[in-house]
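Participant: Before anything else, here's the structure in question.
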Amino acid sequence: MALATVLSGSCKKFVEQEPQTALTEEQVFSKLDNIEPLLLGLYTSWRNTRKDRGGFMFTLGSDEAQQGAYQVQTDDRQAGLDRYNGFLTASNTALAQQWDSRWPVISAAARIIYSLGLNKEEGTRKNTILGEASFIRAALDFEVSQYWGEIPLIDQAKFTEYGTRRQALPLVYQTIISDLETAIKFLPDAQSDKRRATKGAAIALLGKVYLYAPEASGLRDYAKARDQFKQLVDGGRYQLVANYGDLWDPAKPNSAESIYEFQFNNTYPDNNQTQWQMGSRSLADIDQYCYFGGYDLMVPTNYCYADVSAGGIWETGDQRKAASIRYDFTYKGKTPVLNPSFGGDELDPHVKKYEDPRTDGTLSFWLSGKNIIYMRYADILLCYAETLNETGATVQAVDLVNTVRRRAWGGTLPTEAAWNQGMSATEFRTRILDERMRELCFEGWRRMDLIRTGKLVDLVRQRNKWAKQSGTIQPFHNRYPIPLQEIKQNEDISETDQNPGYSNN
Amino acid sequence: MQKLTQKALMAFCVVLLAICLSPGAYAQNLSVTGQVTGKDDGLTVPGVTVSVKGTTQGVITDAYGKFALNAPQGATLIFSAVGYERMETAATASPMNIVLISANNNLTEVTVVGVTIKKRDLTGSIGSVSEKTIRERPTTNVNQAIQGRVSGVLVQNNDPRPGGSSSIKIRGNNSIQFGSNPIYVVDGLVIDGNFNTINPDDIASIDILKDASATALYGSRGANGVVLVTTKKAKKGEGKIDYNAWVGVQSFTKNIPYLNAQQIVDLRLDAYANRYVDENPGADRNAYVQSLLNPAGSAAFGADELKVYNAGQSYNWLKEIRQKGVQQNHTLSFSKGSDDGSSVYISFNYTDQKGLLKTSNYKRFGGQINLDQKIKPWFKVGTNTNFTRTEERYIDGGVFNIASNANPLLAINDSIPYLSWKGIQSQDLYNPLRSLRIDGQGNQNRLLTTNYAVVTPTPGLNIRSGFSVEARNQNYFNYIPRDLGQSLRNSTQGSATHKKENWLNWQWDNSVSYEKTYGKHNFSGLVSFGLTKNDYDYNQVDAWGFATDDFSYKYLGGAFLKDKFVLGSDFVTNTLVSYVARFNYSYDGKYFATLTGRYDGSSRFGNGNKWGLFPSLALAYDIAREDFIKGSKLSTFKVRAGYGIAGNQNIPNFAYRSLYRPTFTNGSVTYVSDGRLGNPNLRWEKQKQLNLGLDLGVMDNRITMSADYFIIHNDDLLMQRTLSSTTGFSNRIDNVGSLLNKGVEVNISAQIIRDKDLQWSVSGNISSYRNRITKLYGNVDAIYNYGGFTGVEIQREGNLFLGKSLNSIYTYKFEKIAQESDMARTSQIDYGGRTIRPGDIIPVDINGDKKIDDADRIVVGNTDPKFYGGFATDLNYKNFGFNAVFNYNVGGKRVNYLYESLLGGTGEYAAQTDELNRWTPTNTNTNIPRAYRGSGRYGPGETDYSVQSAAYLRLSAVTLSYQFTGDFMKKAKLNNLRFYLTGSNLFTATGYKGYDPEGGDSYPTARMVVAGVNVGF
């Protein structure tokens, strides 16, 4: 009997085996020493949503960029993002992938926030981490909601109340705002680790949220947005770099203009493959180590690369043109010839902002890994200008735009290029959209700009080659469809919860 | 005198009366005593029924195999016991020594975990393969040796590479994805993988335990059946030396009929022109086609392609990487057994296989020692120990696929890093000729040892302790030279990989068993306790940047791209504790009952869910032993019934927890979830199985039949399911639902002729099962399998639907190839952005809502065979033997991924000759879609177009042998000499259009012709 007791006791122990090379959830969330690396992991996962093909899915189908012809010919589903046709439906896998890559980050941020509420450790570190996790959750909630509309809100403390169903826009945006307020409260002004968010980033993003919030949320507020931007500008921490081209020089990362940028390098898994997606197939065919070779996922629209005289956006003397777009494909003295069996636009102007000359001749462009900018000061100045214009201060707004343009002209803005202080608020509203394209093309804000200004359908139909060809873009395309697998797997989202206009196909 | 006479008369009457009243006791009655032993092991056999022929009289041998009964002078006694040949012999007055021969020449004892039991005690549904049957198919792979031999067992050769193994399924699917293979128990040691290190020449018997009562002793792990492998033991008598050897030559069973260069050109021209005319109605098609053939610049062809085309050439890249596969196998063994039950068996094995693709090969060296020693009359020890080393040269995984689907318009050339189509090199198509220079080597050392000591304090009582170890280390080395496409693409400048893995599994089993006979009642029982521990660790180094290719993977220190090194390692331990109690009862050799209970604890589950109870009960009734059967033609007539629960715990480690691991990325260490949400409620998967069986034999068992019917309720099925990403995780291991699996299995064998010089026997088996998912978690009626390039596409296979088979194929249904006359109808339907023109595939609008969407996707069939099995014929005439084994499978379907990829119709990729019959305006009566370059129509892979019948009939082995006998053998002092010639996979009849209906399409199946010899001294 005694033997049996001893035996059963030791057997109980014998069948208990703990992981020797992993932390359990309980361990990870138990103390700040573990939560902090978890938070750094969140930054990495967030960054990784901007990597590779996926980083550009939302810019496709805009008025500044579209897919290369070869891609459109060979991948119907992805082509649907430009064509706005029957392939842009719930089963569009290119979009589902984007949806799927973001939620684990949101959810992990929410778990950190929840666990910090239970944590008893003292000190500022806890608050900083709370600020950072709140910032990441807000940034992603904001992005996903901009594109999909009503979204689930992940909050462990309110799980029984919220579940995983789609929440009304006022609640979604209120949550985003309150997360950013937490971030502003706790984030430091500067972080030596460039991966980590700062107070400035939270202020800038909060300003953007007030500006970009859909009317239906009831939270769009130009005055509040203006105040956030003003606070950032008055703080004086950020400034425009003198030479626009320097922003895209891999040797000059994290400049004074940078408010937050995703950190990459040339070593897997910290490379970002952007050049593989942006470069030209014709160059890849000549030399797979040519730094502007690639596979034409995304190319500028004609509107985005042409001069004003040719119906485009570029004015004489604007240095941003040559820094943003590649027109010349001569490589090591060789001028590539368009292979007749390609799509046909391989030697048309290509995106230059992501070229990484460090790889040239030594690394495949797959290993391109320049930092990708999330928010920079010029964007905030232009947003600030817009909010000033919307709150009756058009003159000040024009001045701010001219500041940005002055840099674009190399520091001296010719009179004919300067915006006139006397322009009307309406004229400003029209012209600022082109200015934003000139300054910020391919940086990921365009679709949101088009959605918030209600111009998506009009401008994309005119300027995007494939959307124009297809002629099927409609107002419901202001939102993307909820992915089919989310509908099938999420018990709180059913087929009737789909965004209007989309079939569950 | 009168008085005396009266007394005498009285006495006589009394005696007479006594004689009359004492039944059967007439004058010449014998008191018969004796002892029964088994021929193979010389041990006494308890529980043997001894009966007097023609009467109902009988007794059962006691624990010492002894019996005593009275029998009339000249009576015949019948000795019968399960697992032994029935024996009849005349009763004698002197003590009888009866030696019973094991049935089927099989050994009578098998070692299951922790205990040795008599085979006849393995109640329930069991299929056995004898040494003789294994010998009939020379192979180095255990699974192949039993293919088609046992009902309910489906062996598929799905990895025909040298040293590749086969999959085995018992009674269809009873688990979804984890541990759906049976476990192997080699002389008592449970192993779950790498069965191909077992040398079939060392195997004495293979028993496949199919139902829960048979697998009860393995309760926790027996859900998908148990394959019991027993290695050889020496037989009592003079020592023996045996040598078995064979040499075989392999070739592919089938080549895909690919289009040649000229045909590809025609196809591509057609594809381009079709698109051109679609987009430019009324344009001049011929002029466009001519423009495409312009060597100065063509939108459809590379200049090099047109050169090959104009020269009338065509290139076959596959030919360049093929070679003749030669295999050889040698086994030398020594054995001797002594009278007290001690024995020794030692063998050595060498196998060398040259693969069908250049540079691939596989070698195996091994040795086996089986020892049993009786140290004292009451104490015995023994070991079965095997050591095997395998050495393999791998070929890069993509080589076969790239070479076989290479552009026939591309001249053979080993100086280009990538292959091209249309003159454009694709970074995905590494030049296969160059890939042959990848130096991939693997080796493995494996020690399997089971050791026991058994004490028998009093007859019938055995106390046994066994300790078994599997120690395995496996090394993998790879070097990709600097100038290969793989290196250029990834900028590695040469990359080397080392991976070293170690497994140490031990098992300690202790048991007490006791057997006792009271009159006609026989009782036996055992209790056992076992511990199992599995340790695994690995480390891996990937190093980049080598100055020279000369050192291959051998000098990691010379690699210079230090920041690109990748290191990996892990250490994992699993444990299992089990308690078993088993009780057998039989009465008069007619009624049998076995009750087993097993209680297991597994470290794979979280607290509160670790332990599972697995009971089973088996009953059998041997009707042939009843009086009313005796004298009829029925020699065997037994019914069996069993019910039990088995379990499955084969899930990934620590699945009950969410895990986070440190990763160095982006400049610091971060903690990252592995994507799996821990499930603290995970519990054992349980299989509740009812089995009903019938064994029949007529005409002295010349014709025997054994049939089983089973119903299996599989509950708490374990699977990894994907989660809504809003959970923050991508998947979770879950007990997702229930599956009902029903089936029938029949084995029949007949000795049609058994003359002195001519014997002919045939045997066959047929099995059938149907499974249906009866429950999924929550209110869910489907669980989808996502995958594909983006990872979010619903796959055609691997989805679970309530009420459907586990192996369903889910997709749109192919209706027909569109004709001009369909256009009016199809123009009314929304095809979700696609356009259908004559010659294109039309999917069925299942719900008739004029819209093809998710609702039109259905289960179009499943991959389960309707029935499958094998049959064999065995003919011996004097010294000649002829044996043929067939396998068949009827009603199974298979998605032919290869075929559909070859029917893309663009001419920009390899194509199958069915394309020659493609739809054109003049060839409209066809099922092959028209040629088309571009997107926007339904491809063959989007419907069930390429779901094909996987039915087949295969001659898996045919053997002709000659056995030497008589004087020659005596002169040569040989006791065995046999030559044979075997052909395996010589012929397969199937309508399936891929490489092989069971082997799949990634690599063709091999056919082999073997010449071999068995010599015994």
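Order-wise, the sequence lines are chains A and B. Taking numbering that gives the first Met the number 0, the leading residue of the first sequence gets 0, the next gets one more, and so forth. Taking numbering that gives the first Met the number 0, the leading residue of the second sequence gets 0, the next gets one more, and so forth. Idealized CB from N, CA, C, for every residue including glycine. Predicted model, so just to flag it, every value in this text is computed and none were measured.
Please confirm whether residue 140 of chain A has its beta-carbon closer than 9 Å to some beta-carbon of chain B.
Facilitator: No - not a single Cβ of chain B is within 9 Å of the one on residue 140 of chain A.
Participant: Sorted by chain position, which residues of the same chain lie with C-beta nearer than 8 Å to residue 502 of chain A's C-beta, five sequence neighbours on each side aside?
Facilitator: So the list reads 88 and 89, once near-sequence residues are dropped.
Participant: How many Å lie between residue 1000 of chain B and residue 993 of chain B at the Cα?
Facilitator: Distance between the alpha carbons of residue 1000 of chain B and residue 993 of chain B is about 6 Å.
Participant: Do you know whose CA, among B:385, B:317, B:390 and B:338, lies nearest residue 353 of chain B's CA?
Facilitator: Selected option, being the one with the closest Cα: B:390.
Participant: Three or more C-beta pairs under 8 Å: does that hold for the region 473 to 480 of chain B against the region 222 to 232 of chain B?
Facilitator: No: the two stretches stay apart, fewer than three of their Cβ pairs being nearer than 8 Å.
Participant: Throw me the rounded Cβ distance for the residue 933 of chain B and residue 263 of chain B pair, which I believe falls under 8 Å.
Facilitator: Not confirmed; about 17 Å, so no contact.
Participant: Quick one: grab the DSSP three-state call for residue 190 of chain A.
Facilitator: In the structure shown, residue 190 of chain A sits in coil (DSSP, three-state: anything other than H, G, I, E or B).
Participant: Return the first residue and the last residue of the beta strand (DSSP E) that residue 1007 of chain B is part of.
Facilitator: Its beta strand (DSSP E) spans residues 1005 to 1015.
Participant: Note the first and the last residue of the continuous alpha helix (DSSP H) segment covering residue 123 of chain A.
Facilitator: Here the alpha helix (DSSP H) through residue 123 of chain A covers 123 to 147.
Participant: Among the candidates B:45, B:220, B:1011 and B:161, whose CA atom is the shortest distance from the CA of residue 610 of chain B?
Facilitator: Ranking the options by Cα distance to residue 610 of chain B, first place goes to B:220.
Participant: Please identify the residue among B:52, B:340 and B:59 whose C-alpha is closest to the C-alpha of residue 35 of chain B.
Facilitator: Ranking the options by Cα distance to residue 35 of chain B, first place goes to B:59.
Participant: Please state the DSSP three-state secondary structure of residue 175 of chain A.
Facilitator: Of the three classes helix, strand and coil, the one that applies to residue 175 of chain A here is helix, per DSSP.
Participant: Determine the closest residue to residue 318 of chain A out of A:408, A:290 and A:347, with distance taken between C-alpha atoms.
Facilitator: Comparing Cα positions, the closest option is A:408.
Participant: Compute the distance between the beta-carbons of residue 471 of chain B and residue 503 of chain B, then report whether it is under 9 Å.
Facilitator: Cβ distance < 9 Å, so residue 471 of chain B and residue 503 of chain B count as in contact.
Participant: With DSSP as the reference, identify every bridge partner of residue 206 of chain B, one or two as the case may be.
Facilitator: Paired residues: B:127 and B:227.
Participant: For a test of the three-state rule: what should DSSP assign to residue 107 of chain B, helix, strand or coil?
Facilitator: Residue placement at residue 107 of chain B is poorly supported in this model, since its pLDDT is 47, which falls under 50; the coordinates are not used for a value here.
Participant: Mapping DSSP to helix, strand and coil, what is residue 111 of chain A?
Facilitator: Looking at residue 111 of chain A - three-state DSSP - the assignment turns out to be helix.
Participant: Please name the residues in the region 111 to 122 of chain A whose beta-carbon is closer than 8 Å to at least one beta-carbon of chain B, in chain order.
Facilitator: For the region 111 to 122 of chain A, which is checked against every Cβ of chain B, not one residue is closer than 8 Å.
Participant: Taking the alpha-carbon positions, what's the residue 113 of chain B to residue 542 of chain B distance?
Facilitator: Note that residue 113 of chain B scores a pLDDT of 49, beneath 50, so its modelled location is shaky and nothing firm can be said.
Participant: I'd like the list of long-range same chain contacts for residue 26 of chain B, defined as Cβ closer than 6 Å, with 5 residues on each side in sequence excluded.
Facilitator: Any reading at residue 26 of chain B must be qualified, since the residue scores a pLDDT of 40, below 50, and its modelled position is unreliable; the value itself is stated next. So the list is empty, once near-sequence residues are dropped.
Participant: Mapping DSSP to helix, strand and coil, what is residue 24 of chain B?
Facilitator: With a pLDDT of 38 at residue 24 of chain B, under the threshold of 50, the modelled position of this residue cannot be trusted; read the value that follows with caution. In the structure shown, residue 24 of chain B sits in coil (DSSP, three-state: anything other than H, G, I, E or B).
Participant: Could you run through the region 80 to 93 of chain A and flag, in chain order, every residue whose CB is less than 7 Å away from some CB of chain B?
Facilitator: Answer in chain order: 84, 85, 86, 88, 90, 92 and 93.
Participant: Could you give the distance in angstroms between the alpha-carbon of residue 514 of chain B and the alpha-carbon of residue 452 of chain B?
Facilitator: If you take the alpha carbons of residue 514 of chain B and residue 452 of chain B, they lie about 18 Å apart.
Participant: Residues in the region 662 to 677 of chain B with C-beta within 8 Å of chain A's C-beta atoms, listed in sequence order?
Facilitator: Taking 8 Å as the Cβ-Cβ cut-off against chain A, the residues of the region 662 to 677 of chain B that qualify are 662, 664, 665, 666, 667, 668, 669, 670, 671, 672, 673, 674 and 677.
Participant: Does any CB atom of chain A fall closer than 9 Å to the CB of residue 223 of chain B?
Facilitator: No, no contact with chain A.
Participant: Does DSSP classify residue 469 of chain B as helix, strand or coil?
Facilitator: Strand.
Participant: Only counting the same chain, and skipping five residues up and downstream in sequence, which positions put a Cβ closer than 8 Å to that of residue 181 of chain A?
Facilitator: Once the five neighbours on either side are set aside, the close Cβ partners of residue 181 of chain A are 129, 130 and 133.
Participant: Check each candidate in B:664, B:466, B:474 and B:566 and name the one with the smallest Cα separation from residue 530 of chain B.
Facilitator: With distances taken between Cα atoms, residue 530 of chain B lies closest to B:466.
Participant: Just to confirm the assignment, what range does the beta strand (DSSP E) spanning residue 640 of chain B have?
Facilitator: Its beta strand (DSSP E) spans residues 633 to 647.
Participant: Let me confirm a value: residue 447 of chain A is counted as buried when at least 16 other C-beta atoms fall within 10 Å, else exposed. Which label applies?
Facilitator: So residue 447 of chain A counts as buried.
Participant: From the DSSP output, in three-state form, read off residue 958 of chain B for me.
Facilitator: DSSP places residue 958 of chain B in strand when its eight states are reduced to three.
Participant: Just the Cα atoms here: how many angstroms apart are residue 402 of chain A and residue 83 of chain A?
Facilitator: If I take the Cα positions, the gap works out to 37 Å.
Participant: Listing by chain order, which chain B residues have their CB less than 8 Å from the CB of residue 98 of chain A?
Facilitator: Neighbours of residue 98 of chain A on chain B, chain order: 724.
Participant: Between residue 484 of chain B and residue 431 of chain B, how many whole angstroms is the CB-CB distance? I'm expecting something under 8 Å.
Facilitator: At roughly 10 Å, the Cβ-Cβ gap does not stay under 8 Å, so residue 484 of chain B and residue 431 of chain B are not in contact.
Participant: Rounded to a whole number of angstroms, what is the C-alpha to C-alpha distance between residue 206 of chain B and residue 69 of chain B?
Facilitator: Approximately 38 Å between the Cα atoms of the pair.
Participant: What do you reckon, are the CB atoms on residue 333 of chain B and residue 455 of chain B nearer than 9 Å?
Facilitator: Contact: no.
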